[in-house]
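Colleague: As they're listed, the protein sequences go chains A and B. Here the first sequence is numbered in this note's numbering, starting from 1 and rising by one per residue. Here the second sequence is numbered in this note's numbering, starting from 390 and rising by one per residue. All C-beta atoms in this analysis are idealised placements derived from N, C-alpha and C, irrespective of residue type, glycine included. All figures in this text were calculated on a predicted structure; none of them were measured in a lab.
Protein chains: 2
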Amino acid sequence: MMPIDVCFRLMGYGVPTPMRLEENQELIDSLRLSLVADVGPITRRALLARFGSPGAVFEASPDELRGVKGVGPKLLDRILAAPDEVDALREISLCREHGIEILTDTDDDYPRLLHEIHDPPAILFIRGRLLPRDAVAVAMVGTRHATHYGLAQAEKLAAGLARSGVTIVSGLARGIDAAAHRGALSGGGRTIGVLGSGLLRMFPPEHAALADEVAQSGAVLSELPPEFEPMGGNFPQRNRIISGLALGVIIVEAPERSGALITARLANEQGREVLAVPGRIDSRPSRGCHRLLRDGATLVESVDDVIEQLGPLVEAAPREDGTELHHPAELTLNDMERKVLDAIGAEPTGVDHLVSETGLPVPRVLATLSVLEMRRLIRRLSGTTVIRV
Amino acid sequence: MMPIDVCFRLMGYGVPTPMRLEENQELIDSLRLSLVADVGPITRRALLARFGSPGAVFEASPDELRGVKGVGPKLLDRILAAPDEVDALREISLCREHGIEILTDTDDDYPRLLHEIHDPPAILFIRGRLLPRDAVAVAMVGTRHATHYGLAQAEKLAAGLARSGVTIVSGLARGIDAAAHRGALSGGGRTIGVLGSGLLRMFPPEHAALADEVAQSGAVLSELPPEFEPMGGNFPQRNRIISGLALGVIIVEAPERSGALITARLANEQGREVLAVPGRIDSRPSRGCHRLLRDGATLVESVDDVIEQLGPLVEAAPREDGTELHHPAELTLNDMERKVLDAIGAEPTGVDHLVSETGLPVPRVLATLSVLEMRRLIRRLSGTTVIRV
Numbered sequence: 001m002m003p004i005d006v007c008f009r010l011m012g013y014g015v016p017t018p019m020r021l022e023e024n025q026e027l028i029d030s031l032r033l034s035l036v037a038d039v040g041p042i043t044r045r046a047l048l049a050r051f052g053s054p055g056a057v058f059e060a061s062p063d064e065l066r067g068v069k070g071v072g073p074k075l076l077d078r079i080l081a082a083p084d085e086v087d088a089l090r091e092i093s094l095c096r097e098h099g100i101e102i103l104t105d106t107d108d109d110y111p112r113l114l115h116e117i118h119d120p121p122a123i124l125f126i127r128g129r130l131l132p133r134d135a136v137a138v139a140m141v142g143t144r145h146a147t148h149y150g151l152a153q154a155e156k157l158a159a160g161l162a163r164s165g166v167t168i169v170s171g172l173a174r175g176i177d178a179a180a181h182r183g184a185l186s187g188g189g190r191t192i193g194v195l196g197s198g199l200l201r202m203f204p205p206e207h208a209a210l211a212d213e214v215a216q217s218g219a220v221l222s223e224l225p226p227e228f229e230p231m232g233g234n235f236p237q238r239n240r241i242i243s244g245l246a247l248g249v250i251i252v253e254a255p256e257r258s259g260a261l262i263t264a265r266l267a268n269e270q271g272r273e274v275l276a277v278p279g280r281i282d283s284r285p286s287r288g289c290h291r292l293l294r295d296g297a298t299l300v301e302s303v304d305d306v307i308e309q310l311g312p313l314v315e316a317a318p319r320e321d322g323t324e325l326h327h328p329a330e331l332t333l334n335d336m337e338r339k340v341l342d343a344i345g346a347e348p349t350g351v352d353h354l355v356s357e358t359g360l361p362v363p364r365v366l367a368t369l370s371v372l373e374m375r376r377l378i379r380r381l382s383g384t385t386v387i388r389v
Numbered sequence: 390m391m392p393i394d395v396c397f398r399l400m401g402y403g404v405p406t407p408m409r410l411e412e413n414q415e416l417i418d419s420l421r422l423s424l425v426a427d428v429g430p431i432t433r434r435a436l437l438a439r440f441g442s443p444g445a446v447f448e449a450s451p452d453e454l455r456g457v458k459g460v461g462p463k464l465l466d467r468i469l470a471a472p473d474e475v476d477a478l479r480e481i482s483l484c485r486e487h488g489i490e491i492l493t494d495t496d497d498d499y500p501r502l503l504h505e506i507h508d509p510p511a512i513l514f515i516r517g518r519l520l521p522r523d524a525v526a527v528a529m530v531g532t533r534h535a536t537h538y539g540l541a542q543a544e545k546l547a548a549g550l551a552r553s554g555v556t557i558v559s560g561l562a563r564g565i566d567a568a569a570h571r572g573a574l575s576g577g578g579r580t581i582g583v584l585g586s587g588l589l590r591m592f593p594p595e596h597a598a599l600a601d602e603v604a605q606s607g608a609v610l611s612e613l614p615p616e617f618e619p620m621g622g623n624f625p626q627r628n629r630i631i632s633g634l635a636l637g638v639i640i641v642e643a644p645e646r647s648g649a650l651i652t653a654r655l656a657n658e659q660g661r662e663v664l665a666v667p668g669r670i671d672s673r674p675s676r677g678c679h680r681l682l683r684d685g686a687t688l689v690e691s692v693d694d695v696i697e698q699l700g701p702l703v704e705a706a707p708r709e710d711g712t713e714l715h716h717p718a719e720l721t722l723n724d725m726e727r728k729v730l731d732a733i734g735a736e737p738t739g740v741d742h743l744v745s746e747t748g749l750p751v752p753r754v755l756a757t758l759s760v761l762e763m764r765r766l767i768r769r770l771s772g773t774t775v776i777r778v
């Protein structure tokens with residue numbers, strides 16, 4: 001039995017709070033179900049749709065389980081054996097020992113964007129904290145064999161985006177991934193690293209220090225239990241989480257066959273923006289980017305190119321200064337533009353009202369409205385009335 | 390009076406042939422009209438629509454001329470004074486002296502593609518020859534201040550295209566233009582240089598030798614009379630001819646404000662394909678290309694990227710080997726693909742027929758049909774019947 005003060009859920013701004021026993025049992029069952037080999041997000045969803053909760057799955061009879069789509073004889077045996085064989089408690093103590101928090105997809109703090117994908121991970125193991133403002137996130141990925149050019153651009157773009165308040169998501173791999181995280185850190189912003197292994201099996205090992213820094217300025221997370229060994233290949237399962245956490249994915253350098261292109265495809269399927277940085281046509285690591293651009297990806301030269309392309313947020317995200325962000329484009333506003341935008345309500349607002357509200361002279365207000373209109377943050381209803389988009 | 394054997398028209402494959410006197414007078418009037426200051430292609434067209442021929446324009450009364458759109462008091466005076474003041478004969482002797490041929494837009498040999506634009510030049514002064522196979526042409530333009538990268542790519546792409554049988558059109562300017570012409574020459578292909586000055590006022594002067602080479606492997610041409618001085622700026626008038634002569638325009642390097650972007654816009658308005666070569670995002674001369682790519686231009690990495698993008702020809706163009714070309718994509722075929730394609734008629738054709746016609750084994754024919762289908766040169770009507778697209 002676990003002590004009742006075990007605290008693995010990420011509450012609000014990530015301050016761990018004591019957990020009640022019944023919640024704890026829920027977590028144990030949820031984790032246990034996710035640890036059953038071959039119970040992926042799709043089968044898990046089918047099981048939960050049928051039985052209501054992970055605990056109920058383990059109480060179901062063989063006949064009931066057999067009736068669920070995706071449950072064959074092998075999987076049936078594994079589910080039936082799980083309560084005896086799958087040691088969820090051990091994983092939980094391991095996490096506790098190493099400061100790893102566990103977030104399940106039923107938690108309020110589970111990232112909303114990630115929840116929307118086809119196959120969201122049931123469990124996230126997290127070092128560091130996910131914050132509500134990480135809803136304004138962009139993923140940046142690319143080849144492990146990047147050129148100096150690619151690394152420099154990744155770092156520069158990530159730094160600029162982070163400075164603007166965009167969280168940078170990447171995979172903590174060698175090459176572009178590491179440059180993206182480093183850029184976000186140097187920009188003083190937030191960054192999230194998603195691993196294709198357990199959090200205690202950091203790969204590549206030489207990025208352990210970088211992972212620590214990322215965890216301190218954001219989070220390092222994985223859907224795999226802490227001691228899960230790195231999977232071979234391109235980590236496509238991991239990549240869906242990278243794109244799933246972000247509003248868009250920027251591919252910086254990627255040869256024609258590259259895991260980064262898989263992430264781009266997943267991003268596209270998830271309805272995320274796909275953006276690519278071009279390069280020289282005689283540079284192999286830019287070929288994949290050029291293919292994406294041919295297929296309709298947005299060409300990225302600057303931070304503004306990225307922010308302009310990101311659609312409105314599902315729900316307003318809190319900003320560091322306590323205000324709310326409704327649209328990523330607001331991140332590029334200067335103080336005056338921000339002031340005028342803040343004075344525009346959900347209802348049609350007149351220029352006169354804006355002038356008295358902001359104390360700015362009429363021409364200044366009108367010029368600022370033009371900027372806001374150009375950034376598609378407001379719409380003119382008439383010459384003197386505007387509304388938020 | 391000119392001697393009746395004056396020969397300025399380009400006949401068939403460019404062999405000058407004697408010209409009859411009445412044709413000659415037509416040429417004199419046509420040239421004279423084009424030499425009247427401010428009679429551009431649009432006003433000229435209006436005048437010809439009203440009076441039928443250049444000769445009739447000069448016989449028209451002031452009142453009749455005044456009724457034509459675009460003819461104000463100044464232009465009226467100029468037209469009325471032209472027969473006395475505009476010395477078309479002098480231009481014609483000058484051309485004769487320097488081996489310059491004159492082509493009017495009523496000549497059969499006037500390039501058909503150029504004829505289709507909104508404002509085709511009435512007269513072309515030509516050194517060298519325009520050939521029917523120049524109908525398969527691509528323009529390549531870019532900044533005068535190109536990087537080593539841009540020059541190398543322009544030359545390489547132009548060489549590859551020229552080698553495939555595509556005529557390269559450009560402006561004989563410094564930078565990308567010159568690299569495009571040089572590439573076409575090194576590829577052993579054809580190239581056309583369009584000047585923004587008269588043919589006897591070569592600009593830049595250091596390209597005189599290059600212009601001679603271009604004239605020998607294609608043509609150097611201008612709509613301006615031979616002694617017309619180079620116009621300042623970006624030669625936008627000239628640029629419409631560059632794009633007008635081509636099926637598509639490739640921009641290789643162009644900063645944000647560049648004459649090459651004007652050519653791209655004109656090409657777009659003329660319904661030509663716009664293609665652009667990407668580069669590093671930290672390279673200013675690639676910025677214009679990136680803007681074009683954002684606006685929907687086709688990204689070019691290779692010769693095939695270009696050829697695949699070019700639509701079907703208005704009419705079949707003769708090839709060097711005497712066969713006919715129906716679609717630019719045919720330029721990329723190997724001998725076997727060519728053989729199979731040639732055996733497919735305008736009517737639905739069966740695989741059996743292709744096997745007996747080509748002597749190739751069935752699997753080879755089927756594989757080749759897949760290639761032809763992929764290149765959109767044929768369409769399958771059933772498993773065993775195909776037709777040309």
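Within the 8 Å Cβ cut-off, does V141 of chain A reach chain B?
Modeller: It does not: the Cβ of V141 of chain A has no partner Cβ on chain B nearer than 8 Å.
Colleague: In this structure, how does DSSP classify S611 of chain B when only helix, strand and coil are distinguished?
Modeller: In this structure, S611 of chain B counts as strand in the three-state DSSP scheme.
Colleague: Can you tell me the Cα-Cα spacing of L699 of chain B and G288 of chain A, whole angstroms?
Modeller: Roughly 23 Å separates the two Cα atoms.
Colleague: Have a look at I431 of chain B and G633 of chain B and give me their C-alpha separation to the nearest angstrom.
Modeller: Each residue's Cα considered, the two are about 16 Å apart.
Colleague: Using only alpha-carbon positions, find the residue among A:V252, A:P328, A:G345 and A:R133 that is nearest to E320 of chain A.
Modeller: Minimum Cα distance to E320 of chain A is reached at A:R133.
Colleague: Helix, strand or coil for S370 of chain A per DSSP?
Modeller: S370 of chain A falls in the helix class under three-state DSSP.
Colleague: Shorter than 8 Å from the beta carbon of H679 of chain B to some beta carbon of chain A?
Modeller: Output row for H679 of chain B: interface = yes.
Colleague: Got a sec, what are the start and stop residues for the alpha helix (DSSP H) I565 of chain B sits in?
Modeller: I565 of chain B -> alpha helix (DSSP H) spans I565 to S575.
Colleague: Tell me the DSSP bridge mates of V386 of chain A?
Modeller: Paired residue(s): A:T349 and A:R380.
Colleague: Beta-carbon of I176 of chain A versus every beta-carbon of chain B: anything under 8 Å?
Modeller: Cβ-Cβ to chain B under 8 Å: no for I176 of chain A.
Colleague: Going straight from the alpha carbon of M1 of chain A to that of G187 of chain A, what length do you get?
Modeller: At M1 of chain A the pLDDT is 37, less than 50, meaning the model places this residue with poor confidence; the figure from the coordinates comes in the next sentence. M1 of chain A and G187 of chain A: Cα-Cα distance of roughly 45 Å.
Colleague: Taking Cβ-Cβ distances shorter than 7 Å, what residues in chain B pair up with L261 of chain A?
Modeller: Residues of chain B passing the Cβ test: none, with the nearest at roughly 15 Å.
Colleague: Return yes when the Cβ of T385 of chain A is within less than 8 Å of the Cβ of M336 of chain A, no when it is not.
Modeller: Cβ distance not < 8 Å, so M336 of chain A and T385 of chain A don't count as in contact.
Colleague: Are the C-beta of L103 of chain A and some C-beta of chain B separated by less than 8 Å?
Modeller: So no, L103 of chain A is outside the interface.
Colleague: Measure from the C-beta of Y110 of chain A to each C-beta in chain B and report whether the shortest distance is under 8 Å.
Modeller: No - not a single Cβ of chain B is within 8 Å of the one on Y110 of chain A.
Colleague: Have a look at A:E155, A:A56 and A:V371 and flag the residue whose alpha-carbon is nearest the alpha-carbon of V141 of chain A.
Modeller: Looking at the Cα atoms, A:E155 is the closest of the given residues.
Colleague: Kindly list, in the order they appear in chain B, the residues whose Cβ is closer than 7 Å to that of V277 of chain A.
Modeller: Near V277 of chain A (Cβ distances below 7 Å), the residues of chain B are I670.
Colleague: Whole angstroms are fine: how far does the CA of F58 of chain A sit from the CA of G175 of chain A?
Modeller: The alpha-carbon atoms of G175 of chain A and F58 of chain A are separated by roughly 43 Å.
Colleague: With a cut-off of 8 Å, do at least 3 Cβ pairs link the segment 510-524 of chain B to the segment 599-619 of chain B?
Modeller: Contact between the segment 510-524 of chain B and the segment 599-619 of chain B is present, because at least three Cβ pairs lie under 8 Å.
Colleague: Which residues does DSSP list as the beta-bridge partners of R127 of chain A?
Modeller: The partner list for R127 of chain A (beta bridge, DSSP) reads A:V220.
Colleague: Might you give, ordered along the chain, the residues of its own chain that have their beta carbon closer than 7 Å to the beta carbon of K739 of chain B, omitting 5 neighbours on each side?
Modeller: For the record, residue 739 of chain B in the displayed sequence is Gly; it is not Lys. Same-chain partners within the cutoff: T773 and T774.
Colleague: Just list the residues that DSSP pairs I481 of chain B with in beta bridges.
Modeller: None; I481 of chain B has no bridge partner.
Colleague: Using the three-state DSSP reduction, which class does G55 of chain A fall into: helix, strand or coil?
Modeller: It is helical.
Colleague: Assuming L664 of chain B and V695 of chain B are in contact, meaning their beta carbons sit under 8 Å apart, how far apart are those beta carbons, in whole angstroms?
Modeller: Indeed, because the Cβ distance is near 6 Å, the residues count as touching under 8 Å.
Colleague: Does any residue of chain B have a CB that is nearer than 8 Å to the CB of Q153 of chain A?
Modeller: Yes, Q153 of chain A lies at the interface with chain B (some Cβ there is under 8 Å from its Cβ).
Colleague: Measuring CA to CA, which of A:R129, A:G279 and A:L157 is closest to Y110 of chain A?
Modeller: The option with the nearest alpha carbon to Y110 of chain A is A:R129.
Colleague: Is there a C-beta anywhere in chain A that falls below 8 Å from the one on E690 of chain B?
Modeller: Yes, its Cβ sits closer than 8 Å to a Cβ of chain A.
Colleague: At a CB-CB cut-off below 7 Å, which residues of chain A make contact with R683 of chain B?
Modeller: Those are L299, listed as they occur along chain A.
Colleague: Let me check understanding here. Comparing Cα to Cα, which of A:H327, A:L313, A:S302 and A:A264 lies closest to G296 of chain A?
Modeller: Measuring from the Cα of G296 of chain A, the nearest candidate turns out to be A:A264.
Colleague: Please check the pair L478 of chain B and I417 of chain B, which I expect to be a contact at CB under 8 Å, by giving their CB distance rounded to whole angstroms.
Modeller: About 6 Å separates the two Cβ atoms, so the contact holds.
Colleague: Hey, which unbroken runs of the alpha helix (DSSP H) at 4 residues or more fall wholly within the segment 687-746 of chain B?
Modeller: The qualifying runs are 692-698 and 724-731.
Colleague: How about the segment 661-675 of chain B and the segment 633-643 of chain B: do they share at least three Cβ pairs that are nearer than 8 Å?
Modeller: Segments in contact, yes.
Colleague: One question on the structure: do L437 of chain B and V475 of chain B come within less than 8 Å of each other, judged by their Cβ atoms?
Modeller: For L437 of chain B and V475 of chain B, no; Cβs fall outside 8 Å.
Colleague: Check L492 of chain B in the structure and name its three-state DSSP category.
Modeller: Note: L492 of chain B maps to strand in three-state DSSP.
Colleague: Work out the CA separation of A562 of chain B and R590 of chain B for me, nearest whole Å.
Modeller: Computed Cα separation, rounded: 13 Å.
Colleague: For S170 of chain A, name the three-state secondary structure that DSSP assigns.
Modeller: Three-state DSSP puts S170 of chain A in a strand.
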